[in-house]
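2 protein chains.
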Amino acid sequence: MARYTSMEFLRFLLFDTHHVETIFQYEKYAHLDVEQAWMIIESAKLFADQEMYPYFKILDEQPAVYDGKGGVKTHPQLKKIIQGAAAQSWIGGAAKFEHGGLQLPEMIFNTGHHIFQAANNSVQGYLGLSTGSADLITSFGNQEQIDTYVPPIYEGRWQGTMALTEPQAGSSLSDIITSATPTDNGYYLVKGQKIFISGGQHEAVDNFVHLTLARIEGAPAGVKGISLFIIPKYRPTSDGSLMYNDVHCAGDFQKMGQRGYSTTHLSFGDNDDCRAFLVGEPHKGLSYMFQMMNGARISVGQCAASVAMAAYQASLQYCLERPQGRLASEKDPTKSPTLIINHADVQRMLFTQKSIAEGSLSLAMECNKLYDQVHGSSGEEKDKHLLLLELLTPIVKTYASEHGSRSAALAIQTLGGYGFTTDFPVQQLYRDLKIMSLYEGTTGIQSLDLLGRKVTMQNGKAVKLLINFISTDLQASREFDNLTPYAFELEKELSRMGKVLEHLSGFALKGNIERYLSDATVFMEMAGHIIIAWQWLKMATVAAQKMKESNFSTNSLAFYQGKIHTMEFFFKYELPHAEACARTLEDLHTLTNVNSFEMFQ
Amino acid sequence: MARYTSMEFLRFLLFDTHHVETIFQYEKYAHLDVEQAWMIIESAKLFADQEMYPYFKILDEQPAVYDGKGGVKTHPQLKKIIQGAAAQSWIGGAAKFEHGGLQLPEMIFNTGHHIFQAANNSVQGYLGLSTGSADLITSFGNQEQIDTYVPPIYEGRWQGTMALTEPQAGSSLSDIITSATPTDNGYYLVKGQKIFISGGQHEAVDNFVHLTLARIEGAPAGVKGISLFIIPKYRPTSDGSLMYNDVHCAGDFQKMGQRGYSTTHLSFGDNDDCRAFLVGEPHKGLSYMFQMMNGARISVGQCAASVAMAAYQASLQYCLERPQGRLASEKDPTKSPTLIINHADVQRMLFTQKSIAEGSLSLAMECNKLYDQVHGSSGEEKDKHLLLLELLTPIVKTYASEHGSRSAALAIQTLGGYGFTTDFPVQQLYRDLKIMSLYEGTTGIQSLDLLGRKVTMQNGKAVKLLINFISTDLQASREFDNLTPYAFELEKELSRMGKVLEHLSGFALKGNIERYLSDATVFMEMAGHIIIAWQWLKMATVAAQKMKESNFSTNSLAFYQGKIHTMEFFFKYELPHAEACARTLEDLHTLTNVNSFEMFQ
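As you go down the protein sequences, you meet chains G and F in turn. Sequential numbering from 23 applies to the first sequence in my numbering. Sequential numbering from 23 applies to the second sequence in my numbering.
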């Protein structure tokens with residue numbers, strides 16, 4: 023069977039480390055049990071093995087392309103994938119029973135999607151967008167909107183998309199100019215251009231439902247004047263038929279990766295007949311959209327981790343099969359070459375990849391769990407989980423995408439020259455991965471979000487909560503003599519992070535917001551290392567417990583040893599760079615406020 | 023004019039920082055002066071502007087492809103480029119007068135090639151390989167071989183290549199099995215397969231000259247039994263005509279980058295009629311080849327720096343033109359968006375790129391200068407320069423290729439989603455750059471070379487020489503109050519590196535060579551940061567001198583300020599990671615000698 027992820031690791035994450043069974047205690051998820059959960063995950067693997075992974079390369083070789091007249095040509099397998107995934111509830115499975123879903127927790131639903139992301143990240147995007155779009159409608163739409171748009175999306179007949187970006191505005195949503203003019207008939211007439219609309223046009227569905235941000239005429243400037251609309255490509259008429267809604271696909275961007283995924287330029291209302299349906303209240307569009315956006319950010323982080331995992335698995339397989347060279351201590355050239363996995367530097371590259379891919383996946387699972395806890399609980403517990411989730415969201419998105427690229431580069435490196443050729447998948451995974459640091463807010467945007475918004479919310483409450491949350495795990499680690507030094511180390515790094523925040527907040531307190539934020543990306547880098555170190559210590563603690571209890575029911579002794587070993591590896595090779603970031607952050611010199619642009623020449 | 027490099031910076035490197043005029047004091051180069059040198063560089067820019075840069079994208083879109091019957095289809099422009107470059111002496115220009123060259127120092131010749139690499143790195147490869155091949159023949163071949171093969175290569179009619187890699191051996195040259203059987207007619211009959219032969223077959227030349235490593239029957243095992251041969255694709259006959267020499271091109275690898283550059287699989291002697299001509303003495307092939315290899319390693323490092331420079335220039339241009347968003351302190355959404363270069367994080371990304379690209383280019387220039395000093399001088403001076411060059415070669419190759427990739431990733435990042443599309447060159451540069459860490463010995467191989475061979479040669483003499491060499495620059499820095507703290511910082515890092523080496527050599531002294539070398543790549547990473555910091559301090563010192571003398575004859579005040587600023591940036595943002603590497607290297611835990619492969623699962 024194709025090995026692009028590790029089912030052993032997924033079991034370890036779900037059951038041993040993050041305890042999905044605790045989620046089943048919530049009423050919302052009480053209909054599930056552990057056996058069922060695993061069966062669902064296994065069904066995802068089977069589907070991905072059969073319908074997704076075999077098409078990974080061909081979708082790159084035969085990319086989505088514009089046909090010059092409004093259509094985007096995509097590979098025929100896409101239709102089979104979307105329909106098959108819909109039939110197995112991989113679009114609507116996390117939705118509530120009342121909306122036709124299976125009410126699956128994200129921990130399970132997103133583990134299935136992790137498998138899809140690792141198998142074929144381009145096609146998973148189509149599914150994920152539909153899920154998020156329908157979810158947005160069920161959360162904020164009215165009953166008629168839900169009844170009209172959600173079922174066909176969940177059935178894989180219609181494609182949901184999110185339409186935010188405009189050519190002139192880019193990341194600056196405050197500058198959106200797509201206009202919505204009210205009519206007397208309950209709908210708005212929309213006019214404008216949107217770019218980078220993933221899944222905006224292709225051949226596998228009958229219709230598209232664009233969740234679109236636009237500005238109602240006379241709305242306030244900035245983000246406070248943005249509203250959310252449903253804009254179908256074909257609008258349903260009273261007799262049930264579909265009618266063209268003046269949504270024109272004007273082009274499809276060609277890209278260095280994710281070439282199987284359409285990335286469209288959409289033009290709304292060229293003929294003044296594009297009808298849009300307001301979701302919720304006017305001018306609150308951005309806050310609604312952020313529900314989808316936050317989910318998408320976690321999903322992008324998880325996708326980056328999944329692609330890094332697929333690259334790691336391909337790299338590992340090669341290293342286990344390829345004999346080349348001899349150890350430095352072997353001077354006899356007539357001796358057979360050794361497997362390259364025996365070379366120290368190859369092990370370094372493998373453990374680096376493993377620590378990044380598995381560490382990020384564990385963090386994504388932590389976020390999925392928090393999401394489920396938010397949606398299963400209420401009151402103070404809910405608030406606490408939400409704050410933690412909001413704090414960790416930009417981190418999982420950024421760590422996984424930035425370090426995932428490093429990880430995939432190492433996957434190429436282990437294959438030597440072969441890794442650069444299209445004969446092996448690692449180069450495609452490397453190309454695909456690069457988009458993850460751009461999707462749904464670039465690394466720079468995520469870092470501003472972390473330091474400027476998340477760290478500061480409720481007077482720094484989220485950071486305090488996180489430190490308490492981590493403390494519980496540290497305490498569990500200290501039960502094991504071999505883990506105690508690492509718990510100490512992590513504690514030191516957390517306190518270093520606290521000092522850095524104190525130092526930075528000095529600028530903010532003096533009103534110098536620019537300076538407070540100027541090295542936000544370096545702070546993100548520091549926080550990422552520390553958070554992943556926490557995930558590794560958590561996994562190592564679970565492994566130590568299993569080893570102590572000789573409880574190898576789900577995995578082997580060596581598997582658990584590997585977890586402790588990779589934790590040690592991360593602390594030795596990766597974590598020291600957090601301190602380097604701290605040095606940069608504590609340096610008083612301001613170097614990124616240059617006015618004379620000639621200095622860049 | 024297309025801006026893919028900075029002519030201002032090249033002037034600064036050649037004349038202000040590395041003083042090419044000192045090279046003209048050697049007899050070999052006494053025919054040149056500064057004005058001539060710059061005219062030659064400008065002619066390279068003109069040629070690259072007209073014939074290379076305009077074809078950068080199209081060579082990616084219409085890659086070199088195998089025609090199924092021994093040929094590789096390449097873009098017609100390639101012929102124009104090779105012939106034009108030959109006519110302007112960009113293949114043979116560095117050769118001695120007696121071999122038809124202009125006896126240009128590498129400082130000038132390779133600055134021209136830097137321009138080509140930045141303009142169109144795929145096509146520069148064809149030129150560079152021809153240069154290196156002919157150089158190898160003039161160094162070690164006999165007069166007949168020189169007369170036969172060198173002129174047509176310099177004239178751009180024949181293509182030189184280096185044929186080392188075999189499918190089963192990869193980086194392990196000791197396991198080469200291509201066989202050479204002596205005949206009574208002075209030539210050998212060769213049989214074997216070579217892969218990854220860049221420029222091995224294309225449509226722009228009449229013949230190919232493969233500098234090939236093979237094993238003469240009965241030769242000792244390992245690298246001591248490898249000989250160097252000239253193997254033409256078509257062998258010249260006594261009547262001057264060419265006859266097929268049983269060298270078959272069996273395929274062309276398709277790659278994620280450098281797609282305009284053919285990467286062939288060659289099969290020698292399928293019909294037992296492949297004649298090979300021994301270069302120099304039997305069994306000494308590897309040491310000969312290492313002359314070409316060392317040149318190629320510097321060239322790959324320089325090429326990585328050049329591609330990073332092209333990406334930086336494209337990124338800078340975008341940032342100077344694109345308005346988006348507002349500064350954090352600007353709360354009024356009705357104010358016009360600012361140019362993105364005004365955002366602190368964008369400046370961080372630009373200065374990171376600048377520090378990597380220009381820092382690496384300066385190091386490449388340092389290597390080119392050492393090369394010229396080796397070839398211009400004799401005795402102790404020559405030995406000293408050679409040792410320094412050998413020490414710095416793996417560092418320039420590795421730093422530029424590994425950090426160059428990071429730099430090109432940041433170029434993509436500054437463009438946001440656009441950077442991922444084929445509408446902009448940065449994604450192609452990012453793809454192209456990835457090969458640089460694999461060419462001519464991977465990063466792992468370079469690191470073993472640095473720590474295992476270069477650091478240890480003549481009892482560590484090279485490292486001592488380097489520290490003295492750097493000390494001279496440190497002294498010059500201390501003339502300036504604003505640079506003194508940085509000189510102090512660099513000195514601290516050099517002493518830290520010394521301590522790390524002492525620590526590591528403890529393993530070697532106990533005979534544990536595996537452990538001594540196990541973190542060689544981390545040592546390389548540390549050394550790279552420190553060496554580039556040295557280059558920046560050197561450039562900053564020159565800038566400070568120019569500013570003191572108000573000597574802005576070649577460049578503007580802001581240009582020089584930018585050099586000091588970028589140095590400060592490098593010391594704040596990059597150099598702290600050297601210490602992190604030291605922490606890893608001094609950690610006593612050995613984590614890359616795992617025997618149970620299940621631990622990787």
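Cβ coordinates follow ideal geometry from the N, Cα and C atoms, glycine included.
Mapping the DSSP letters down to three states, classify residue i as helix, strand or coil.
{"i": "F:I265", "result": "What sits at residue 265 of chain F in the sequence shown is Met, not Ile. In the structure shown, F:M265 sits in a strand (DSSP, three-state: E or B)."}
{"i": "G:D354", "result": "coil"}
{"i": "G:D89", "result": "coil"}
{"i": "G:H224", "result": "coil"}
{"i": "F:A24", "result": "coil"}
{"i": "G:Q105", "result": "helix"}
{"i": "F:D460", "result": "Looking at the sequence itself, residue 460 of chain F is Leu, so the reference to Asp does not match. Coil, per DSSP."}
{"i": "G:G558", "result": "A quick correction: the sequence has Trp, not Gly, at residue 558 of chain G. Residue state, collapsed to three classes: helix."}
{"i": "F:D405", "result": "helix"}
{"i": "F:F31", "result": "helix"}
{"i": "G:I62", "result": "helix"}
For residue i, count neighbouring Cβ atoms within 10 angstroms of its own Cβ and tell me buried if that reaches 16, exposed if not.
{"i": "G:Q335", "result": "buried"}
{"i": "F:A604", "result": "buried"}
{"i": "F:Q480", "result": "exposed"}
{"i": "F:T187", "result": "buried"}
{"i": "G:H53", "result": "exposed"}
{"i": "F:I378", "result": "buried"}
{"i": "G:Q449", "result": "buried"}
{"i": "G:S358", "result": "exposed"}
{"i": "F:P98", "result": "exposed"}
{"i": "F:E403", "result": "exposed"}
{"i": "G:K246", "result": "exposed"}
With a cut-off of 9 angstroms, does the C-beta of residue i fall near any C-beta of chain F?
{"i": "G:G147", "result": "no"}
{"i": "G:C603", "result": "yes"}
{"i": "G:Y421", "result": "no"}
{"i": "G:N504", "result": "no"}
{"i": "G:K514", "result": "no"}
{"i": "G:M561", "result": "no"}
{"i": "G:Y595", "result": "yes"}
{"i": "G:S144", "result": "no"}
{"i": "G:T499", "result": "At residue 499 of chain G the sequence reads Ser, which differs from the Thr that was named. Not an interface residue."}
{"i": "G:F622", "result": "yes"}
Thinking residue i and residue j are a contact (beta carbons under 8 angstroms), I'd like their distance in whole angstroms, please.
{"i": "G:T285", "j": "G:K277", "result": "6 angstroms"}
{"i": "G:Y582", "j": "G:K568", "result": "5 angstroms"}
{"i": "G:A332", "j": "G:A140", "result": "4 angstroms"}
{"i": "G:K486", "j": "G:L413", "result": "Their Cβ separation, rounded to whole angstroms, is 10 angstroms, which puts G:K486 and G:L413 out of contact at 8 angstroms."}
Counting contacts by CB-CB distance shorter than 9 angstroms, is residue i in contact with chain G?
{"i": "F:D445", "result": "yes"}
{"i": "F:S201", "result": "no"}
{"i": "F:L613", "result": "yes"}
{"i": "F:V368", "result": "yes"}
{"i": "F:R453", "result": "yes"}
- Evaluate contact between the region 446 to 462 of chain F and the region 399 to 410 of chain F, counting only Cβ atoms and requiring at least three cross-stretch pairs below 8 angstroms. no
- Query: Is the region 319 to 326 of chain F touching the region 413 to 423 of chain F in the sense that three or more CB pairs, one from each, lie closer than 8 angstroms?
  - Reply: yes
- State whether the region 220 to 227 of chain G contacts the region 389 to 403 of chain F, with contact taken as three or more CB pairs (one from each stretch) at a distance under 8 angstroms. no
- Could you tell me whether the region 295 to 306 of chain F touches the region 200 to 216 of chain F, using the rule of 3 or more Cβ pairs below 8 angstroms? yes
- Query: Would the region 173 to 184 of chain F and the region 433 to 440 of chain G be scored as touching if the rule is three or more Cβ pairs under 8 angstroms?
  - Reply: no
- Message: Quick test of the definition: if touching needs 3 or more C-beta pairs under 8 angstroms, does the region 492 to 508 of chain G touch the region 469 to 489 of chain F?
- Response: no
- Message: Is it the case that the region 539 to 548 of chain G contacts the region 592 to 604 of chain G, given that we only count it when at least three CB pairs across the two stretches are under 8 angstroms?
- Response: Yes, the region 592 to 604 of chain G is in contact with the region 539 to 548 of chain G.
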